[in-house]
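As they're listed, the protein sequences go chains R and F.
Throughout the first sequence, residue numbering follows my numbering, covering 200 to 505 in sequence.
Throughout the second sequence, residue numbering follows my numbering, covering 139 to 229 in sequence.
Taking it in order: structure first as structure tokens, then the write-up.
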Amino acid sequence: MNNKRNSHIASLSKSQLQQTINKGLDFRVGQFNVRLISPVKQLVPHIQHLYGAYDLLANESFIDFHVQIRAPSILRRYIRPQVSFFLDGYAPFKPLPYLQASALFEWGLNWCIASHANEYLIIHAAVVERNGQAFILPGTPGSGKSTLCAALVSYGWRLLSDEMTLLSTHDGKIYPVPRPISLKNQSIEVIKKRSPELVFGQIVNDTAKGTVGHLCPPALSVQLGSSPALAAKLIFPKYKQDAETQLTPLSKSKALLRAAGDCFNYNILGVQGFDSLAELIEQCACYEFHYSNLDEALALFTELSN
Amino acid sequence: MTQVITFTTTNIRCVQWHDDYVIYDQLSGDTHVLDEVSGGLICALSKQALSRFELLAILTDLFVEATEPELESYLHDFVEKFKLLGLLISE
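Okay, structure coming up:
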């Protein structure tokens, strides 16, 4: 009998969590089973605060991603400490300062999914859902997609992902991968000010992306991590200071071309990627969206989802 | 005896939305957005090889008021452009 079945990470005390992460914390993120092994103490509060709602896995579960966060060498535990991200013992990135361990874990796990989950067409896009309609928000860094996503989620929308939309090439549905929402620089304060009740992990300064903070995903969104959604809208957001709230219809052909450019694996999937994207575009209303005022953005999105 | 040159496309997928066609070239992995006329011709060629004469006939149906030199010029530009893009092959 396995006493881990159906329990959540929050059921572990801090010391139990630390011991488990040392040996291997097995948990489920959407469609993926992850094992995290790390002696880095800084990761414990990150996991405790942001991953409490995630299911622990039964012992015999198949693990998709074996992840380790540890010092790249013994010396780097003591002299200007650093941490590296390992997948199956391989380190795809350069080491980062020890204090950036939590951000490295989040970025590394994104990389695992984006580089390996080729049963999905993966669009670099946030995806949220309300009233059974998934809204896909593609965007490059700085487009304001994560800020908009965080605001929508704090307003009750379901989070499927703030970073990558997993479009199944088999059934055309959007599969969730609910993870902490990554906010950068001014966006952190904007969201904290709007919704002081939201839980953030450690704020990490001086990363390659500036100041980074991760926002705890809603427990309900995590619990719905196995339930796919149907896409209804494809909206390309663009934050611009003082911009008026403006939603402009976008032709399906232009939307397909832009979305293809926002995919991680469109070229890898070849014609299967094109067919999947064309079907998605066919079923979605497509728009460009310019905004600076989050209240107006929320009102407009709510209206669109009614 | 004059040899009849026919045109065909590489292995492509076509999707049409209103006046736009989106073409996916399976050989290169490139995606193109084409207007109604170019897209219509490319999609027709993806189904079967067509001669210059047959392509002109399609254009004549589309542009009833255009003169023959205008249609010839359009077809010449079309062939050159899409050969350059690697989408069109002459046989």
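Where is the CB? At the ideal position from N, CA and C, for every residue including glycine.
Trp155, His156, Asp158, Tyr159, Val160, Tyr162, Gln164, Gly167, Thr169, Val171: these are the residues of the region 154-177 of chain F whose beta carbon lies less than 8 Å from some beta carbon of chain R, given in chain order. Nearest to Phe473/R by C-alpha distance, out of Ile143/F, Thr146/F, Val171/F, Val142/F, is Val171/F. Interface annotation for the region 291-304 of chain R against chain F: empty, criterion Cβ-Cβ distance under 9 Å. DSSP assignment within the region 186-218 of chain F yields the following whole alpha helix (DSSP H) runs of 4 residues or more, N-terminal first: 190-200.
A straight line joining the alpha-carbon of Phe488/R with that of Ser184/F spans about 36 Å. Of the candidates Ala257/R, Leu479/R, Ala459/R, Leu286/R, Leu286/R places its Cα closest to the Cα of Leu308/R.
Counting only runs of at least 3 residues, the region 443-488 of chain R fully encloses the following beta strand (DSSP E) elements, listed from N- to C-terminal order: 445-448. The residue among Ile268/R, Lys240/R, Tyr297/R with its C-alpha nearest the C-alpha of Gln215/R is Lys240/R. Judged by DSSP in its simplified three-state form, Asn404/R adopts strand. Taking the CA atoms as reference points, Ala209/R sits about 13 Å from Ile220/R. Within 9 Å of the CB of Val327/R, no CB atom of chain F is found; the nearest one sits about 25 Å away.
Of Pro294/R, Ile236/R, Leu242/R, Asp225/R, the smallest CA-CA separation from Phe261/R is found for Asp225/R.
Collapsing the DSSP output to three states places Ser420/R in a helix. Between the C-alpha atoms of Gly167/F and Ser176/F there is a straight-line separation of about 19 Å. For Leu419/R, the number of other beta carbons within 10 angstroms of its own is below 16, and it is reported as exposed.
For Gly412/R, DSSP records a beta bridge to Leu382/R. The C-beta distance from Arg227/R to Asp254/R rounds to 5 Å, short enough to fall under 8 Å. Residue pairing by DSSP places Val171/F opposite Val160/F in a beta bridge. One finds Val470, Phe473, Asp474, Ala477 in chain R with Cβ atoms closer than 9 Å to the Cβ of Arg151/F, taken in chain order. Residue pairing of Glu396/R in beta bridges, as defined by DSSP: absent, with no partner found.
Here the C-alpha atom of Leu503/R lies approximately 33 Å from the C-alpha atom of Ile467/R. With a contact defined as Cβ atoms closer than 8 Å, Ile143/F and Ser211/F miss out at about 18 Å. The three-state reading of DSSP puts Trp155/F in strand, counting E and B together.
Lys383/R and Ser425/R have their C-alpha atoms spaced approximately 28 Å apart. DSSP lists Leu295/R as the bridge partner or partners of Val282/R. In this structure the region 399-406 of chain R does not touch the region 308-328 of chain R; the number of beta carbon pairs closer than 8 Å is below three. Between the alpha carbons of Ala350/R and Pro395/R lies a distance of about 12 Å. Restricted to the region 200-281 of chain R, the beta strand (DSSP E) segments that are unbroken, complete and at least 3 residues in length are 224-228, 231-236, 264-269, listed in chain order. By the C-beta criterion, the region 439-446 of chain R is judged not to be in contact with the region 150-167 of chain F, since fewer than 3 inter-stretch pairs fall below 8 Å. Here the region 230-244 of chain R does not lie against the region 386-393 of chain R, with fewer than 3 beta-carbon pairs under 8 Å apart. Here Thr169/F is buried, its C-beta having at least 16 other C-beta atoms within 10 Å. If you compare the alpha carbons of Thr364/R, Tyr354/R, Ala428/R with that of Ala496/R, the shortest gap goes to Tyr354/R. In the structure shown, Thr148/F falls within a coil segment according to DSSP collapsed to helix, strand and coil. Taken in chain order, the whole beta strand (DSSP E) runs of length 3 or more contained in the region 297-347 of chain R are 319-322, 324-329, 332-337. As computed with DSSP, Ser228/F is found in a beta bridge with Phe145/F.
When DSSP reads this structure, Ala430/R sits in a beta bridge with Ala333/R.
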